[in-house]
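**Q**
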Amino acid sequence: MPSTTTQLPSASLANQADKLEELAAKLTSAAKTLRAGNEPSQKEHDTLVSTIRNVGNAVHTPLDDVYDTSMAWCKAAAIRLLVNWKVFENIPESGFIRYQDLAEKVGGDAVLIRRVCWVLVATGFLEQRGHDQIGHTSHTRIFANSTTSNANASLWMVICDEWMHPLLAMPDYYEKFGIKEPTGRLHSIKAFGEGQPELTVAQIMSLHPKRVAHIHLSMPLMDGAYPQTGFYDFSWIADRAAKEPHSRKVIVDVGGGKGWTLQRIVNENEGIPMERCVLQDLPGVISFVETHGDENIKKATLMPIDFHKEQPVQGALVYSVRRCLRDFGDDEAVDILKRVVDAMAPDSKLLIADTVATNPPSFLVAAIDFFLSTMGGKERTEEEFWNIAVRAGLKVTGVHYSDIAEFAMIECEKA
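As structure tokens, then:
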């Protein structure tokens, strides 16, 4: 293997040393906080991870970057295989197991399983004892229970099956269609990679129920990374609801999924009656809520809709669109908002809860935006949200930022 080191000028070495000392001070401060028994907040955790990442950036050579990126792809593929083969489930939660015994449990070849496991041993994800035994670490123990009910395992399946394939299709896609932003639901990079460019992503996924099941199972983990409440004051809604006719709907949650956020808002704000709320989503989602939702969410009006075509509830006090617009390009996002604007009363509010990217965006936001481009969606900066709001006939009356995840509530009214 060629050497990864290069000779740096003395000035560059001094700059590198300065950077490492700066980062070391941050790590020392974080270590003292942990040693004092203080649980880090999500923001503090993200800062620590970023600092550690920056240590690597400070010393990596271009060849180091090549090796790291290559191993990241190998690691993702190895986890995908071991989850699918139920290898993690058959490694004892504590202790070790021989590769041969593990292979017999999953009905596979011991040499192959060992070689795949070695990728994770090399990256510290699994631990090998001696020459022929393998055991969990804290990184893999989360995969130990059944993959049919394991959100962590499903998330890795989603990353590999729904992210990696379209990313690999990008070079051929742009070679054929040119270097321009993909914006529509048709002819997306994902559809191109699946060999079905005339279908939307939703239509493609309807053909793969097992993949959809993994998406649904992993959804709480993905959605849980974004705050539902705590960064916008919903109390005014309760005050206004008490003064409005009982027939007026208070909150219409457009594309609200299984209603987790709506329930959180109602539970934290006494005076917002669930009976005067509406949960809207695609027919399959609403059918799931009708069958499996708890009794509280079932008090809401459960309404199947296609928000590209209609907004049946007229004149509600508040319309909420959370983490939906990111799945679509600007033109389609504007059309979705226009449907809501047409239904709004002069005093209605539209609340858009979504990632509001910095420029440049953070590590995770940049990665998600890159993936969203494969299905015609995008993350947006505040300026870009203002632009689509104005195009839809809205006036932005406030932007309320969360202290984590570059997430915000954009409050709008009819222009």
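With the UniProt record's numbering applied, the sequence shown corresponds to residues 1 to 415, in that order. Don't be surprised by glycine CBs; every beta carbon is placed ideally from N, CA and C. Treat the numbers as computed from the prediction; the structure is a model and nothing was measured.
#1: Along the chain, which unbroken stretches of the beta strand (DSSP E) at least 3 residues long are found entirely within the stretch 292 to 375?
#2: If we call anything under 7 Å between Cβ atoms a contact, is ARG276 one with VAL250?
#3: According to DSSP, is ASP253 helix, strand or coil?
#4: With the cut-off set at 7 Å, would you say VAL321 and ILE352 are in Cβ contact?
#5: State the start and end residues of the unbroken alpha helix (DSSP H) segment that holds ARG53.
#6: What residues in its chain sit with their C-beta under 7 Å from that of GLN263, if we drop five residues either side in the sequence?
#7: Short of 8 Å in beta carbon distance, which residues of its chain neighbour MET1, apart from the five on each side in sequence? Order them along the chain.
#8: So the alpha helix (DSSP H) MET157 belongs to, where does it begin and stop?
#9: Shortest alpha-carbon distance to CYS412 belongs to which of ILE404, ALA405 and THR397?
#10: Taking 7 Å as the limit between beta carbons, can you name the residues of its chain near ALA122, skipping five residues before and five after?
#11: Rounded C-beta distance between LYS190 and PRO227? I'm assuming under 8 Å.
#12: Helix, strand or coil for ARG98, going by three-state DSSP, please let me know.
#13: Quick check: the Cα distance between GLU162 and SER247, rounded to an integer number of angstroms?
#14: Take the Cβ of PHE177 as the centre, count every other Cβ of all protein chains shown within 10 Å, and call the residue buried at 16 or more, exposed below.
#15: Would you mind sorting PHE371 into buried or exposed? The rule is 16 or more other CB atoms within 10 Å of its CB.
#16: For the candidate residues LEU279, ASN152 and HIS292, whose alpha-carbon lies nearest to that of THR301?
#17: Exposed or buried, THR137, counting other C-beta atoms within 10 Å across all chains shown (16 or more means buried)?
#18: For ILE336, I'd like the list of residues in its chain whose CB is within less than 6 Å of its CB, leaving aside the five on either flank, ordered along the chain.
#19: Tell me which residues share the same chain as TYR401 and place their Cβ nearer than 6 Å to its Cβ, disregarding the 5 neighbours each side in the sequence.
#20: Assess contact between the stretch 110 to 128 and the stretch 92 to 101, defined as three or more Cβ pairs (one per stretch) separated by less than 8 Å. Is contact present?
#21: Distance check for ASP46 and ASN38, CA to CA, integer angstroms please.
#22: How long is the line joining the alpha carbons of PRO40 and MET222, rounded to whole angstroms?
#23: Tell me, please, which residues DSSP counts as bridged to CYS412.
#24: With a floor of 4 residues, list each alpha helix (DSSP H) that falls wholly inside the stretch 189 to 261, ordered by position along the chain.
#25: Can you give me the Cβ contacts of SER362 inside the same chain, cut-off strictly under 7 Å, excluding the 5 residues immediately before and after it?
#26: Relative to the alpha-carbon of THR200, which residue among ASN359, GLY184, LYS210 and ASP403 has its alpha-carbon at the smallest distance?
#27: In terms of alpha-carbon separation, which member of ILE265, LYS395 and PRO209 lies closest to TYR232?
#28: Given a threshold of 16 other Cβ atoms within 10 Å of its Cβ, counted over all protein chains shown, does VAL119 qualify as buried or as exposed?
#29: Less than 8 Å between the CB atoms is what I'm expecting for THR355 and ARG326, so what's the real figure, rounded?
#30: Which same chain residues end up closer than 7 Å to LEU93 when comparing Cβ atoms and leaving out the 5 residues on each side of it in sequence?
#31: Let me know if GLU268 comes out buried or exposed under the rule of 16 or more other beta-carbons within 10 Å of its beta-carbon.
#32: Let me know the secondary structure DSSP gives PRO407 once reduced to three states.
#33: Applying the 10 Å Cβ sphere with the 16-neighbour rule, what's the burial state of VAL289?
#34: Looking at the structure shown, is GLY284 part of a helix, part of a strand, or coil, going by DSSP?
**A** In short:
#1: 301 to 304, 318 to 322 and 349 to 357
#2: Residue mapping note: residue 276 aligns to position 276 of the sequence shown, counting from 1. Residue mapping note: residue 250 aligns to position 250 of the sequence shown, counting from 1. Cβ distance < 7 Å, so ARG276 and VAL250 count as in contact.
#3: In the sequence shown, the residue the question calls residue 253 occupies position 253. Residue state, collapsed to three classes: strand.
#4: Residue 321 sits at position 321 when you count from the first residue of the sequence shown. Residue 352 sits at position 352 when you count from the first residue of the sequence shown. Against a cut-off of 7 Å, the Cβ pair of ILE352 and VAL321 comes out as a contact.
#5: If you number the sequence shown from 1, residue 53 lands on position 53. From DSSP, the alpha helix (DSSP H) with ARG53 extends over 42 to 59.
#6: Start at 1 with the first residue of the sequence shown, and residue 263 comes out as number 263. ASN296 and ILE297, listed in sequence order.
#7: One-based indexing of the sequence shown puts residue 1 at position 1. Reliability of the predicted coordinates at MET1 is poor, the pLDDT of 48 falling under 50, and no value is obtained from them.
#8: Counting from one through the sequence shown, the residue named residue 157 turns up at place 157. MET157 -> alpha helix (DSSP H) spans 151 to 158.
#9: Residue 412 sits at position 412 when you count from the first residue of the sequence shown. Among ILE404, ALA405 and THR397, the Cα nearest to that of CYS412 belongs to THR397.
#10: Within the sequence shown, residue 122 is the residue found at index 122, counting from 1. So no residue of the chain qualifies.
#11: Stepping through the sequence shown from its first residue, residue 190 is reached at position 190. Stepping through the sequence shown from its first residue, residue 227 is reached at position 227. About 28 Å; that fails the 8 Å criterion.
#12: Residue 98 sits at position 98 when you count from the first residue of the sequence shown. ARG98 falls in the strand class under three-state DSSP.
#13: Position 162 of the sequence shown, counted from the first residue, corresponds to residue 162. Position 247 of the sequence shown, counted from the first residue, corresponds to residue 247. Between GLU162 and SER247, the C-alpha separation is close to 43 Å.
#14: Translated into positions along the sequence shown, residue 177 becomes position 177. Counting Cβ neighbours within 10 Å, PHE177 comes out exposed, since fewer than 16 surround it.
#15: For the purposes of this step, residue 371 is taken as the residue at position 371 of the sequence shown. Buried, because 16 or more other Cβ atoms sit within 10 Å of the Cβ of PHE371.
#16: Along the sequence shown, one-based indexing puts residue 301 at 301. Minimum Cα distance to THR301 is reached at LEU279.
#17: In the sequence shown, counting from the first residue as 1, residue 137 sits at position 137. With fewer than 16 other Cβ atoms within 10 Å, it is exposed.
#18: For the purposes of this step, residue 336 is taken as residue 336 along the sequence shown, with counting starting at 1. Taken in chain order, the residues that qualify are PHE307.
#19: As a position in the sequence shown, residue 401 is number 401, starting the count at 1. Closer than 6 Å at Cβ, skipping near neighbours: ALA408.
#20: Enough Cβ pairs lie closer than 8 Å, so yes.
#21: As a first step, residue 38 must be located in the sequence shown, where it is residue number 38. As a first step, residue 46 must be located in the sequence shown, where it is residue number 46. When rounded, the distance between both Cα atoms is 15 Å.
#22: Locating residue 40 in the sequence shown gives position 40, counting from the first residue. Locating residue 222 in the sequence shown gives position 222, counting from the first residue. Those two C-alpha atoms are separated by around 20 Å.
#23: As a working mapping, residue 412 is identified with position 412 in the sequence shown. Partner(s): LEU350 and VAL396.
#24: 189 to 193, 201 to 205, 209 to 224 and 235 to 243
#25: Along the sequence shown, one-based indexing puts residue 362 at 362. If we look at SER362 and ignore the five residues flanking it on each side, its Cβ neighbours are GLU406.
#26: By 1-based counting over the sequence shown, the position of residue 200 is 200. Ranking ASN359, GLY184, LYS210 and ASP403 by Cα distance to THR200 puts GLY184 first.
#27: To locate residue 232, count along the sequence shown from 1; it is residue 232. For the residues ILE265, LYS395 and PRO209, the minimum Cα distance to TYR232 belongs to ILE265.
#28: Within the sequence shown, the letter at position 119 stands for residue 119. Around the Cβ of VAL119, a 10 Å sphere holds 16 or more other Cβ atoms; the residue is buried.
#29: Working through the sequence shown from its first residue, we reach residue 355 at position 355. Working through the sequence shown from its first residue, we reach residue 326 at position 326. The pair is a contact, with the Cβ atoms about 6 Å apart (cut-off 8 Å).
#30: The sequence position of residue 93 within the sequence shown is 93, counting from 1. Note that residue 93 corresponds to Glu in the displayed sequence, not to Leu. HIS136, ARG141 and ALA144.
#31: The residue you call residue 268 lines up with position 268 of the sequence shown. GLU268 should be labelled exposed.
#32: Here residue 407 corresponds to residue number 407 of the sequence shown, with the count starting at 1. The question names Pro, but residue 407 in the sequence shown is Phe. In the structure shown, PHE407 sits in a strand (DSSP, three-state: E or B).
#33: As a working mapping, residue 289 is identified with position 289 in the sequence shown. With 16 or more Cβ atoms within 10 Å of its Cβ, VAL289 is classed as buried.
#34: On the sequence shown, residue 284 is found 284 positions in, with the first residue counted as 1. Secondary structure at GLY284: helix, using DSSP grouped into helix, strand and coil.
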